[in-house]
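Student: After the structure tokens below, expect a handful of questions from me.
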């Protein structure tokens, strides 16, 4: 459509959308998060929004562990949600995945302002997959002897 | 007498039930809602699951109007990728919270797709109406409450081909006035070109804009002149010489005092002591032998001192 995903959509969507999370702040909605899948920092802001940008990047974990999905949205297919995302599943060591992310996001001038965010999210997802694989940190179940107290 | 009292603010039948809204406003709203249903971002923001919908606005062929059985209706929805939204609506059926439960509003659920058809009495109505979340509407009678439920734009709408084509004749286009609504033309947008980024970067704007200030001047840290000599000199250049003078004078004073003390503390030589003693005696003599004094005679008498 000839619409402008961009400032116009953002003005409509920023205050009210189904992904908005407003709980965090000291008695107010100090930080606003967003649960969209195309949002790299999960922050409700124009730059990171997955709804109001033509070019978005998303990094998620796929069901099988250790594989990460990197998807970018195609600019020509804005009104075809099925074929909107260019997906690729990565199952490599971390440095190579990081290089792939940088190539797709920054080096081809797609969204160079999202490079740091994409890498940060990649690290977070990768780490969560490692934790999921090896289990949550086990606490020491042996009773700790406190000397000097009965 | 019966107790109990009366209800707070008894509901009256002369409550203002009706609202008059300008017909143009009503049409503006419907037209905005229809156009919002074509923007995937807005439909997703409203909460519909349209990730697997092939295209938005979603238009299916007129053969869907002949669907008779609900089971085939579900198959149709699955084929066009709309079933995820239906599933969302089905999973969300819950008992309402609050007193509405006992006031004939027991169940709530999310809204699913809205299906728009054309021919009166199409079988599709009966086939689709029992699917949870799905609503149907005739293109001639589009209800704003269904196009923008809760006042939120962007309902997921599934059009049949003829319904979609009929929209042009009902509401007109930007150039042509509507056929069905006498004298109605689609509203003009406030901004023709809303791509702000493009406007800002355009030649017309950039050629008139002042250049960017790359080096941002930051305020320097304030230094205390009383503690920092250079800060003081910036304000009062004479302070340097004044300070040097005061230092020299101080050194001078210290030296003089030291000498004085040393002199006093040094034991004096015999000649000096003798000289001091004789000087004292001589002075005493002058005191007692001063002849300018008028009553000198009486003075010598009771002093008993001879010259």
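Residue numbers (the numbering used here), protein chains in the order written: chain A, 1 to 150; chain B, 151 to 457. Every residue, glycine too, gets a C-beta built ideally from N, C-alpha and C.
Check the Cβ of residue 345/B against every Cβ in chain A and list those closer than 9 angstroms, keeping chain order.
Tutor: 4, 6, 7, 8
Student: Since residue 197/B meets chain A, which of its residues come closer than 7 angstroms, beta carbon to beta carbon?
Tutor: 18
Student: For the segment 66-82 of chain A, list every residue whose C-beta sits within 8 angstroms of some C-beta in chain B, in sequence order.
Tutor: 78, 79, 80, 81, 82
Student: Counting only C-beta atoms, is residue 59/A closer than 8 angstroms to chain B at any point?
Tutor: no
Student: Determine the chain A residues that contact residue 201/B at a beta-carbon separation under 9 angstroms, and present them in chain order.
Tutor: 37, 81, 82, 84, 85, listed in chain order.
Student: Note down, in chain order, all residues in the segment 179-193 of chain B with a beta-carbon under 7 angstroms from any beta-carbon belonging to chain A.
Tutor: 188, 189, 190, 191, 192
Student: So residue 51/A contacts chain B; which residues on that side make the cut at Cβ distance below 9 angstroms?
Tutor: 190, 191, 192, 194, 195
Student: Buried or exposed: which applies to residue 277/B, given that a residue is buried once 16 or more other Cβ atoms fall within 10 Å of its Cβ?
Tutor: buried
Student: Between the segment 306-318 of chain B and the segment 259-279 of chain B, are three or more C-beta pairs nearer than 8 angstroms?
Tutor: yes
Student: For residue 207/B, verify whether its CB is less than 7 angstroms away from any heavy atom of the ligand SAH.
Tutor: The ligand SAH is absent from the structure shown, which contains no ligand whatsoever.
Student: Under 6 angstroms Cβ to Cβ from residue 1/A, same chain only, skipping five residues before and after it: list those, please.
Tutor: Any answer about residue 1/A is weak, because its pLDDT of 44 lies below 50 and its placement is not dependable; what the coordinates show is given next. Contacts found: 79.
Student: Could you check where the beta strand (DSSP E) with residue 89/A kicks off and where it finishes?
Tutor: 85-90
Student: Hey, residue 314/B and residue 209/B: beta-carbon distance below 8 angstroms or not?
Tutor: yes
Student: Residues of chain A with a CB under 9 angstroms from the CB of residue 204/B: which are they?
Tutor: 80, 81, 82, 83
Student: Tell me residue 309/B's beta-bridge partners as DSSP assigns them.
Tutor: 209/B, 266/B
Student: Helix, strand or coil for residue 108/A, going by three-state DSSP, please let me know.
Tutor: coil
Student: Between which residues of its own chain and residue 275/B is the CB-CB distance below 6 angstroms, once the five residues before and five after are set aside?
Tutor: 286
Student: Determine the contact status of residue 283/B and residue 260/B, defining contact as a CB-CB distance below 8 angstroms.
Tutor: yes
Student: Do you know how far the Cα of residue 198/B is from the Cα of residue 296/B?
Tutor: Distance between the alpha carbons of residue 296/B and residue 198/B is about 14 angstroms.
Student: If you run the structure through DSSP and keep just helix, strand and coil, what is residue 11/A?
Tutor: helix
Student: Could you spell out the range, first to last residue, of the alpha helix (DSSP H) harbouring residue 94/A?
Tutor: Residues 94-102.
Student: List the whole-angstrom C-beta distance separating residue 24/A from residue 13/A, where the pair is believed to meet the contact cut-off of C-beta under 8 angstroms.
Tutor: The C-beta separation of residue 24/A from residue 13/A comes to about 20 angstroms, leaving the pair out of contact by the 8 angstroms criterion.
Student: Kindly give me the distance between the Cβ atoms of residue 118/A and residue 40/A, rounded to whole angstroms, as I take these residues to be in contact under 8 angstroms.
Tutor: 6 angstroms
Student: Determine whether the Cβ of residue 13/A lies closer than 8 angstroms to any Cβ atom of chain B.
Tutor: yes
Student: Run down chain A in chain order and give the residues with a C-beta less than 7 angstroms from the C-beta of residue 144/B.
Tutor: As shown, chain B starts at 151 and ends at 457. That puts residue 144/B outside it, with no answer to give.
Student: For the segment 157-171 of chain B, which residues have a CB atom closer than 8 angstroms to at least one CB atom of chain A, in sequence order?
Tutor: none
Student: Per DSSP, which residues does residue 418/B bridge with? Please list them.
Tutor: DSSP, once it has assigned bridges, lists no residue as partnering residue 418/B.
Student: For chain B, is any of its Cβ atoms less than 8 angstroms away from the one on residue 1/A?
Tutor: For residue 1/A, the predicted structure reports a pLDDT of 44, less than 50, and the residue's modelled location is therefore unreliable. A value from the coordinates is still provided. Closer than 8 angstroms: yes.
Student: CA-CA distance, residue 415/B and residue 385/B?
Tutor: Rounded to whole angstroms, residue 415/B to residue 385/B spans 46 angstroms at the Cα level.
Student: In angstroms with no decimal places, state the Cα-to-Cα distance between residue 77/A and residue 358/B.
Tutor: Distance from the CA of residue 77/A to the CA of residue 358/B, rounded to the nearest whole angstrom, comes to 35 angstroms.
Student: In its own chain, which residues sit with a C-beta less than 8 angstroms from the C-beta of residue 133/A, not counting the 5 before and 5 after it?
Tutor: Only 65, 66 meet the Cβ criterion.
Student: Taking 8 angstroms as the limit between beta carbons, can you name the residues of its chain near residue 215/B, skipping five residues before and five after?
Tutor: 267, 268, 269, 272, 273, 274, 310
Student: Got a sec, what are the start and stop residues for the alpha helix (DSSP H) residue 71/A sits in?
Tutor: From DSSP, residue 71/A is part of no alpha helix (DSSP H) but of the beta strand (DSSP E) over 68-73.
Student: Can you look up residue 435/B in the DSSP assignment and give me helix, strand or coil?
Tutor: helix
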